[in-house]
Amino acid sequence: DVKVTQSSRYLVKRTGEKVFLECVQDMDHENMFWYRQDPGLGLRLIYFSYDVKMKEKGDIPEGYSVSREKKERFSLILESASTNQTSMYLCASSPESGGGTDTQYFGPGTRLTVL
Amino acid sequence: AQSVTQPDIHITVSEGASLELRCNYSYGATPYLFWYVQSPGQGLQLLLKYFSGDTLVQGIKGFEAEFKRSQSSFNLRKPSVHWSDAAEYFCAVGAFSGGYNKLIFGAGTRLAVHP
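As structure tokens, then:
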């Protein structure tokens with residue numbers, strides 16, 4: 022079974038803080054993704070990575086950055102957290118074969134609240 | 025532009041009743057189609073997917089979905105709903121959009137099950 026883990030289930034931060042969300046997958050997948058989930062909007066892609074040290078902007082990258090130093094780990098960084106970044110953040114991974122259109126396996130999510 | 029529409033935001037059914045969740049997509053080529061389920065406080069779990077071949081796809085937990093190209097639909101069905109099926113359901117299409125391959129998600133349908 023593919024396992025995707027996220028470092029925190031719940032996180033509360035203050036406006037202006039730098040926030041790190043960590044994601045680790047154990048299936049040697051090439052592709053990793055960060056989404057945010059908001060009611061009525063579904064999932065929106067923030068950033069993704071097809072390989073180590075590689076990153077690509079998704080649909081809503083503003084206010085975020087990412088890091089992928091090792092194949093199994095993909096980090097999402099909020100350089101200066103703002104209240105409009107309060108959301109559920111989901112990490113996912115998928116094997117190389119289909120890139121972003123293949124089955125993605127999701128972590129349990131991190132619910133971030135920015136005060 | 026590619027998109028996924030789930031017309032029903034909330035659906036309530038009685039336990040033991042049949043269920044159909046609607047999904048319509050907009051995509052020029054043959055799509056890859058997915059249904060995911062999200063239980064409260066959890067990440068997304070893949071229920072089933074369609075890539076090609078038989079248009080009636082069987083998934084986990086007794087769910088099935090039918091791809092109808094003429095209607096651009098991929099509706100999810102279950103003949104008899106259990107209380108544990110209460111969750112949020114997301115339809116997604118794998119597509120090349122915005123310069124890269126990605127999954128495009130609908131806004132989700134929240135299912136409530138009455139005893």
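Quick note, the sequences are listed as chains A and B, same order. Numbered per this note's numbering, the first sequence finishes at 136, counting up by one with no gaps. Numbered per this note's numbering, the second sequence finishes at 139, counting up by one with no gaps. A virtual CB, placed ideally from N, CA and C, is assigned to each residue, including glycine. For clarity, every value in this text was computed on a predicted model and none was experimentally measured.
Here the alpha carbons of B:Gly67 and A:Gly63 stand approximately 13 Å from one another. Three or more beta-carbon pairs separated by less than 8 Å are not found between the region 29-44 of chain B and the region 39-50 of chain A, which leaves the two stretches without contact.
Judged by DSSP in its simplified three-state form, A:Gln106 adopts helix.
Excluding five sequence positions before and after B:Val28, the CB atoms of its chain that fall closer than 7 Å to its own CB belong to Cys47, Tyr49, Cys115, Ala116, Val117, Ile128, Phe129, Gly130, given in chain order.
Neighbourhood of B:Gln66 in chain A, by CB distance below 8 Å: Pro129, Gly130, in chain order.
The beta carbon of B:Ala131 falls within 8 Å of a beta carbon belonging to chain A, placing the residue at that interface. Rounded to whole angstroms, the Cβ separation of A:Ser88 and A:Ser101 is 16 Å, and the two are not in contact under 8 Å. Taking 8 Å as the CB threshold, A:Gln46 stays off the interface with chain B. Under the DSSP assignment, A:Ser101 falls outside any beta strand (DSSP E); it carries neither an H nor an E label. Using a Cβ-Cβ cut-off of 7 Å, A:Gly37 is close to nothing in chain B; its nearest Cβ partner there is about 28 Å away. In the three-state reduction of the DSSP assignment, A:Lys24 falls in the coil class. In terms of CA proximity to B:Ser104, B:Leu43 leads the group B:Leu43, B:Phe75, B:Gln26.
Between the beta-carbon of A:Leu136 and that of A:Gln58 there is about 20 Å, and that puts the pair past the 8 Å contact cut. Assignment of A:Asp49 by DSSP, reduced to helix, strand and coil, places it in the coil class.
Inter-residue distance for A:Glu93 and A:Met48 is about 8 Å (C-alpha atoms, whole angstroms). Taking every protein chain shown into account, the CB of A:His50 has 16 or more other CB atoms within 10 angstroms, so this residue is buried.
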